[in-house]
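As they're listed, the protein sequences go chains F and P. Number 174 marks the last residue of the first sequence (the numbering used here); no jumps. Number 117 marks the last residue of the second sequence (the numbering used here); no jumps. Just so it is clear, CB atoms sit at the ideal spot from N, CA and C, and this is done for glycine as well. Report on the following structure.
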Amino acid sequence: GALVYQYPRRTICKSGTSMRMECQAVGFQATSVAWYRQSPQKTFELIALSTVNSAIKYEQNFTQEKFPISHPNLSFSSMTVLNAYLEDRGLYLCGARDVSQNTLYFGAGTRLSVL
Amino acid sequence: AQKVIQVWSTTSRQEGEKLTLDCSYKTSQVLYHLFWYKHLLSGEMVLLIRQMPSTIAIERSGRYSVVFQKSRKSISLVISTLQPDDSGKYFCALWEATGGNNKLTFGQGTVLSVIP
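Right under this line is the structure:
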């Protein structure tokens, strides 16, 4: 079956520092990976959509300078939150697209706390 | 304007009851798909149902079904014989193919509490 592993599950960082989260697709080829953030009391917002061999498309209010993403192959993607501040707190989800099923499967999320 | 609307933010039911969670969506795209996900306390996002234009695939068989009214742009998730384990947050999501990109937009979610 299709599985998506995301790690770390939880992380705490000091204000102004950076943290990296990773996403591993198992059992299928993840041609696209979408990164979402759920801020407190909000729904999931799309940060960016990354497609292998294509430019990464960032949504409004999110930039590559703040959330650089790497998607080097069909099974792995990572995203870094640079200079994290309180407003960056939340649950970050990666969703990997299984083209054969035309479905997005999600990792378990990385919960980011900022001190 | 919100593209995916889930009217209820929270709801509770007794164990054994049937529940319908409503979701409406807005899209001008011809090609789109709809999903229902369950978000667990652990953070895991579990896919329950995929609704494609002319077919339906239930990822978690058994007590889940949908009522899809394409002309009304509405898709409701029906959970029969509720169990305490059904408690969690349910998200409706719209997947649109736009200019070569596929974008998944979530509704606000509905928190379900099942009372034993």
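Own chain partners of residue i with C-beta closer than 6 angstroms, once the 5 adjacent residues on each side are dropped
i: residue 114(P); result: 13, 88
i: residue 110(P); result: 90, 92
i: residue 66(P); result: 79
i: residue 15(P); result: 116
i: residue 98(P); result: 32
C-beta contact flag for residue i and residue j at 9 angstroms
i: residue 34(P); j: residue 91(P); result: no
i: residue 28(P); j: residue 95(P); result: yes
i: residue 91(F); j: residue 108(F); result: yes
i: residue 69(F); j: residue 172(F); result: yes
i: residue 61(F); j: residue 134(F); result: no
i: residue 5(P); j: residue 38(P); result: no
Whole-angstrom C-beta distance between residue j and residue i, which should lie under 8 angstroms
i: residue 88(F); j: residue 169(F); result: Actually they do not touch by this definition, with Cβ atoms about 23 angstroms apart.
i: residue 154(F); j: residue 164(F); result: 7 angstroms
i: residue 167(F); j: residue 45(P); result: 4 angstroms
i: residue 82(F); j: residue 136(F); result: 5 angstroms
Contact set for residue i: own chain, Cβ-Cβ below 8 angstroms, skip 5 residues either direction
i: residue 77(F); result: 139, 140, 141, 142, 143
i: residue 132(F); result: 111
i: residue 75(F); result: 142, 143, 144
Span of the beta strand (DSSP E), counted from its first residue to its last, around residue i
i: residue 82(F); result: 78-85
i: residue 36(P); result: 33-40
heavy atom of the ligand FAD below 8 angstroms from residue i C-beta
i: residue 94(F); result: For the ligand FAD, the structure offers nothing, since it holds no ligand at all.
Residues near residue i in its chain [Cβ-Cβ closer than 7 angstroms; skip 5 each side]
i: residue 121(F); result: 106, 107
Near-chain F residues of the segment 65-78 of chain P (beta-carbon distance less than 9 angstroms), N- to C-terminal order: none
Contacting positions in the segment 37-48 of chain P - beta carbon closer than 9 angstroms to chain F: Of all residues in the segment 37-48 of chain P, only 38, 40, 41, 43, 44, 45, 46, 47, 48 place a beta-carbon less than 9 angstroms from a beta-carbon of chain F.
Where the segment 154-170 of chain F meets chain P: residues whose CB sits under 9 angstroms from a CB there: Result list: 154, 156, 160, 161, 162, 163, 164, 165, 166, 167, 168, 169, 170.
Chain P contacts made by the segment 71-102 of chain F, where a contact means CB separation under 9 angstroms: Listed in sequence order: 91, 93, 95, 97, 101, 102.
The segment 83-111 of chain P: positions lying closer than 9 angstroms to chain F by Cβ: Listed in chain order, the positions of the segment 83-111 of chain P with a beta carbon within less than 9 angstroms of a beta carbon of chain F are 92, 94, 96, 101, 102, 103, 104, 105, 106, 107, 108, 109, 110.
Where the segment 13-25 of chain P meets chain F: residues whose CB sits under 7 angstroms from a CB there: none
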